[in-house]
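Following: one structure in structure tokens, then a few remarks.
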Amino acid sequence: MNDVISGLEGELRSNGINVESLDTDGETVELVYLTAFPDVSVNHQEMGRALSTFVDAFGHGEWDPARVDATVLRHEENVQGTWHAEAEWFRQYAEYDITGEEFSALVIDTLSEGDR
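Here the numbering used here = 1-based position in the sequence shown + 5.
In structure tokens, the structure reads:
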């Protein structure tokens, strides 16, 4: 049995993201992860590590940008929050049309906290 996790999921895990599920087959990437910070608010640094993984994969030609929809869990069935990043934002960042701060602000503006 091969338990090696590779690709985007492996990269997310190596960046400290506890992936519960990752679906990259559709037009939108669906990421569900268990937070290491089960407080009231979604941890922005953890969001940044997840986003950096996608940015790096794009930069290395290992991923074509798509919208990323993320659901953050405190524990099974307890949603801490959701956030998303548009495919165009990844492209704009890679082409230096927006700064890292602007990219982060765009994503943070999508953050919805609490059970859904």
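Cβ coordinates follow ideal geometry from the N, Cα and C atoms, glycine included.
Predicted, not measured: the structure shown is a model, and the values here were computed from it.
Task: Residues near Val73 by beta carbon distance below 7 Å, same chain, minus five either side - done: Val34, Leu36, Phe59, His89 and Ala90
Open item on the list: With a threshold of 8 Å (Cβ to nearest heavy atom), would His80 be considered close to the ligand FAD?
Closed with: Ligands are entirely absent from the displayed structure, and the ligand FAD is therefore not among its contents.
TODO: Can you check DSSP and say which residues form a bridge with Thr76?
DONE: Val37 and Thr87
Task: Minimum C-alpha distance to Arg32 - residue among Trp68, Gly64 and Arg18 - done: Before going on, a small fix: residue 32 reads as Glu here, not Arg. With distances taken between Cα atoms, Glu32 lies closest to Trp68.
Task: Backbone CA spacing between Leu56 and Ala71 [nearest angstrom] - done: 12 Å
Task: Val47 and Leu116 closer than 9 Å at C-beta - done: yes
- [ ] Out of Val84, Asp61 and Glu25, point me to the one whose CA is closest to Glu118's CA.
- [x] Its Cα nearest to that of Glu118, the residue Val84 stands out among Val84, Asp61 and Glu25.
Task: Range covered by the beta strand (DSSP E) that runs through Asp28 - done: Asn23 to Asp28
Task: Glu51, DSSP secondary structure in three states - done: In the three-state reduction of the DSSP assignment, Glu51 falls in the helix class.
TODO: Tell whether a beta-carbon distance below 9 Å holds between Glu16 and Leu78.
DONE: no
Open item on the list: I'd like to check one pair, Leu39 with His80: are the Cβ atoms closer than 9 Å?
Closed with: yes
Task: Sheet register partners of Ser117 (DSSP bridge) - done: Thr87
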